[in-house]
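Taking it in order: structure first as structure tokens, then the write-up.
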Amino acid sequence: MAHRFGGSGLGLTITRRICHLMGGAITLDGEEGKGTVAEFQVRLKSAEPPEARTHCADLASAEALLEARNWTILVVDDSAVNRKVVTQYLKRYKLTVLEAEDGVNAVDLWRRTKPDFILMDINMPVMGGIAAALRIREEAIERAEPRVPIVALTANAMSHQVNDYLDAGLDAHIAKPVGRAELVRVIGSFLSQRVSRC
Numbered sequence: 016m017a018h019r020f021g022g023s024g025l026g027l028t029i030t031r032r033i034c035h036l037m038g039g040a041i042t043l044d045g046e047e048g049k050g051t052v053a054e055f056q057v058r059l060k061s062a063e064p065p066e067a068r069t070h071c072a073d074l075a076s077a078e079a080l081l082e083a084r085n086w087t088i089l090v091v092d093d094s095a096v097n098r099k100v101v102t103q104y105l106k107r108y109k110l111t112v113l114e115a116e117d118g119v120n121a122v123d124l125w126r127r128t129k130p131d132f133i134l135m136d137i138n139m140p141v142m143g144g145i146a147a148a149l150r151i152r153e154e155a156i157e158r159a160e161p162r163v164p165i166v167a168l169t170a171n172a173m174s175h176q177v178n179d180y181l182d183a184g185l186d187a188h189i190a191k192p193v194g195r196a197e198l199v200r201v202i203g204s205f206l207s208q209r210v211s212r213c
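According to my numbering, the sequence shown holds residues 16 to 213 in order.
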């Protein structure tokens, strides 16, 4: 726990009420000094797929598109491990993968290399992903340059957060951790749009 003392239990009371309103229940099994397990069951309707997945091409056509030319992909993340994972996913394709550890370096690389696609983490030091996306969009408009697809790749996936990303000029959102197939489908779908405009 981050706090010196525990809370009043209000959060648990609210959670129990929410579970009941959703036609379910919550149970607790705990032992002092060992921790507590909370389990809940609720009734949910089938949801529409998240917006980012509506941009997915099928995997085979996406892979063919990634092999069609030497695309340049910019991966922006302050975690070297996260950048390495994405790079490993993409190394089988004819791609140039560039890496940036924060938004400042991302904007600089975008200016110098004009990548075809950007994967942007959100929470980074120096300059975060939203600020970097806004800077890229503003400069592209000023210079009358083509719009590069920028997709948020972040663990922050609440609906209001995703809306903030889209309002800031990002094109879609992928939640971490991401699998190779999903990543390739999303990249392929945006690159196919660039091909159709050529």
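Here a beta-carbon is modelled for each residue, glycine too, at the ideal position from N, C-alpha and C. Remember, it's a predicted structure, so these values are computed and weren't measured experimentally.
Assumed close pair residue i, residue j - CB separation to whole angstroms, cut-off 8 Å
| i | j | result |
| --- | --- | --- |
| glycine 194 | serine 76 | Contact doesn't hold; Cβ gap of about 18 Å is too wide. |
| leucine 89 | isoleucine 137 | In fact, because the Cβ distance is near 15 Å, the residues do not count as touching under 8 Å. |
| aspartate 117 | methionine 135 | About 11 Å; that fails the 8 Å criterion. |
| aspartate 123 | threonine 87 | The Cβ separation is near 15 Å, so there is no contact. |
| valine 141 | valine 119 | 5 Å |
| leucine 74 | alanine 196 | 5 Å |
Contact under 9 Å by Cβ, residue i with residue j
| i | j | result |
| --- | --- | --- |
| valine 91 | alanine 121 | yes |
| leucine 181 | alanine 187 | yes |
| lysine 129 | valine 100 | no |
| isoleucine 165 | glycine 143 | no |
| leucine 81 | valine 177 | no |
| leucine 43 | leucine 27 | yes |
| tyrosine 216 | glutamate 78 | Missing from the structure shown is residue 216; the chain here goes from 16 to 213 and no further. |
Collapsed DSSP secondary structure at residue i in the structure displayed
| i | result |
| --- | --- |
| aspartate 179 | helix |
| alanine 172 | coil |
| alanine 159 | coil |
| isoleucine 145 | helix |
| isoleucine 189 | strand |
| isoleucine 137 | coil |
Option in the options with minimal Cα separation from residue i
| i | options | result |
| --- | --- | --- |
| threonine 169 | Glu153, Gln56, Ile145, Pro161 | Ile145 |
| glutamate 110 | Leu124, Ala83, Arg126 | Glutamate is not the amino acid found at residue 110; the sequence shown has leucine there. Looking at the Cα atoms, Ala83 is the closest of the given residues. |
| glutamine 208 | Ile156, Pro192, Pro161 | Pro161 |
| arginine 58 | Asp73, Ser94, Gly39 | Gly39 |
| lysine 106 | Asn85, Trp125, Asp93, Ser94 | Asn85 |
| phenylalanine 55 | Glu153, Arg150, Cys34 | Cys34 |
| isoleucine 151 | Ala159, His175, Glu78, Trp125 | Trp125 |
| methionine 37 | Lys60, Ala167, Gly48, Glu154 | Lys60 |
Below-9 Å beta-carbon distance, residue i vs any chain B residue
| i | result |
| --- | --- |
| glutamine 56 | Judged by its chain identifiers, the structure shown contains no chain B, having just a single protein chain. |
Counting only runs of 3+ residues fully inside the region 39-126, write out the beta strand (DSSP E) ranges in chain order.
With a minimum length of 3 residues, the continuous beta strand (DSSP E) runs that stay inside the region 39-126 are 40-46, 50-56, 86-91, 110-115.
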